[in-house]
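The block underneath contains the structure these notes are about, expressed in structure tokens.
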Amino acid sequence: MLKPFYSNDRQYWKVVLLCFMAAATFWFLNALNKNYSNIRTSYPIHFVYDEAKLIPLKPLPEQVEINVSGKGWKLLRKSLMLDVRPAEIVVFSLPRQPYLTGSALRPSISGVLDGLQLNFVLTDTVHFSFDRRIQRHIPLAVDSTKIKIANNVVIASPIAINPDSVTFDGPASIINTFPSPFPVQLPITNIDRSFKRFVPLAYNNTSLVKANIPEVEVSFAVSPLTWEEKVIAPTIINAPEGVQLQVYPQAITILYGYRQSNAAPIKPEQFGLTLNYATLNPADSTVAVEIVRKPVQVHQFVIKPQRVKIIPVL
50 MLKPFYSNDR
60 QYWKVVLLCF
70 MAAATFWFLN
80 ALNKNYSNIR
90 TSYPIHFVYD
100 EAKLIPLKPL
110 PEQVEINVSG
120 KGWKLLRKSL
130 MLDVRPAEIV
140 VFSLPRQPYL
150 TGSALRPSIS
160 GVLDGLQLNF
170 VLTDTVHFSF
180 DRRIQRHIPL
190 AVDSTKIKIA
200 NNVVIASPIA
210 INPDSVTFDG
220 PASIINTFPS
230 PFPVQLPITN
240 IDRSFKRFVP
250 LAYNNTSLVK
260 ANIPEVEVSF
270 AVSPLTWEEK
280 VIAPTIINAP
290 EGVQLQVYPQ
300 AITILYGYRQ
310 SNAAPIKPEQ
320 FGLTLNYATL
330 NPADSTVAVE
340 IVRKPVQVHQ
350 FVIKPQRVKI
360 IPVL
């Protein structure tokens, strides 16, 4: 059956191949000239808005599904995305509702199909979310109580931040929740010497919010503490009237660390220790020792013992 098509002549096979190519080309061109109906395809959409005033909170949809009719040439050009104009969705101000129905998209799509007839929009709803775009200038601060320093040192100077402020750009609903001043977090712990280094600004939603600076320089001096101890008699408060009480032990040892300065020497009467009788534990007749007053230059202290007995004198 195949013998009439068999030949060892290369020129013969070239002719056969050209015939097949010509036939395929004729068929392809003939198919492109036909009209086709009820063709499902995707079509690009593009949101047009003032980027200086509005910002999307999530990626905007880029295409919708539609049903069209038209010539094969037009359908092929659309499939290959050759000179295809996206349907524009113009957003003039902050939308009241975060979606558009397929019927609402029809005029925008029909106007750019260029030779294709839009039968209907298959995508039921296009969802989006916009917010006002703002810029907010906020001062920076470091919470000294959250700086993790070593046990025997103390921060001995004001904390300097350079630059001392930051400008955030992004959605109003996010940026307006940022505190003022904006906290700078030091990731380093157990600081035992004077500090000076660049620290990155940490905040959430970095894909939407941008800061005009990525980091700031934080610096402060650190000084060692001098340790001393004193023995102090505590004061009982909230005791019942007419009852004589005995404290055991009668004196409390306080070990304190202070920063040496030109101030006068620390005296025992500068400390105030109290025993609140209202908090007495009846099981063992003990109360906690509370420090209610200390010299300003004292930064760390240890009380021994932390609980004492209070016993009525019979």
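Under the numbering used here, read the sequence shown as residues 50 to 363, first letter to last.
Every residue, glycine too, gets a C-beta built ideally from N, C-alpha and C.
As assigned by DSSP and simplified to three states, the class of residue i
i, result
"Q319", "helix"
"P331", "coil"
"Y252", "coil"
"S222", "helix"
"T275", "strand"
"S91", "strand"
"T194", "helix"
"A80", "Per-residue confidence for A80 stands at a pLDDT of 44, beneath the threshold of 50, marking its modelled position as unreliable; the derived number appears in the next sentence. It is helical."
"F75", "In this prediction, F75 has a pLDDT of 46, which is less than 50 and means its spatial position is unreliable; what the coordinates show is noted afterwards. Three-state DSSP puts F75 in a helix."
C-beta atoms of residue i and residue j nearer than 8 Å
i, j, result
"F320", "V258", "no"
"I183", "I224", "yes"
"T302", "K353", "yes"
"R246", "V215", "no"
"I196", "L235", "yes"
"I281", "N325", "no"
"P147", "H176", "yes"
"L143", "R181", "yes"
"P105", "F179", "yes"
"V271", "V202", "yes"
"F113", "Q166", "It should be noted that the sequence gives Val, not Phe, for residue 113. Cβ distance not < 8 Å, so V113 and Q166 don't count as in contact."
"P283", "I315", "no"
"A205", "R308", "yes"
"E137", "S157", "yes"
"F244", "F269", "yes"
"P108", "V133", "no"
"T335", "K358", "yes"
Among the options, the one whose alpha carbon lies nearest that of residue i
i, options, result
"I360", "Q299, D241, E137, A101", "Q299"
"I262", "H186, S243, V347, S152", "H186"
"F96", "L106, A205, R89, P110", "P110"
"L304", "P317, K279, G160", "K279"
"K102", "P289, D213, A221", "A221"
"E264", "T238, A190, L294", "A190"
"P232", "T194, S256, T238, R242", "T194"
"V139", "D163, D99, K107", "D99"
"V296", "N87, V351, A337", "A337"
"T90", "A153, N168, P156, S152", "N168"
"D163", "A153, P135, G151", "P135"
"G29", "A327, V362, P228, R242", "Outside the shown range of the chain (50 to 363) lies residue 29, about which nothing can therefore be said."
"I211", "P188, D192, G219", "The question names Ile, but residue 211 in the sequence shown is Asn. Minimum Cα distance to N211 is reached at P188."
"G306", "Q349, L171, N253, N200", "Q349"
"S152", "V161, L171, V248", "L171"
"P317", "I240, S334, I340", "I340"
"T174", "R155, V161, D192", "R155"
"A288", "T323, T238, I237, R145", "T323"
"S13", "V161, R242, P273", "With the chain covering 50 to 363 only, the question about residue 13 has no answer from this structure."
"A260", "I237, R242, G219", "G219"
Any C-beta of chain C under 8 Å from that of residue i
i, result
"F227", "Absent from the structure: chain C. Only one protein chain is present."
**Request:** Pick out the complete alpha helix (DSSP H) segments inside the stretch 139-179, 4 residues or longer, and give them in chain order.
**Result:** Runs of the alpha helix (DSSP H) inside the stretch 139-179: 151-159.
**Item:** Length at least 3, wholly inside the stretch 281-305: the beta strand (DSSP E) runs in chain order
**Value:** 284-286, 294-297
**Request:** Enumerate, from N- to C-terminal direction, the unbroken beta strand (DSSP E) stretches of 3 or more residues contained entirely within the stretch 227-251.
**Result:** Whole beta strand (DSSP E) segments, 3+ residues: 244-249.
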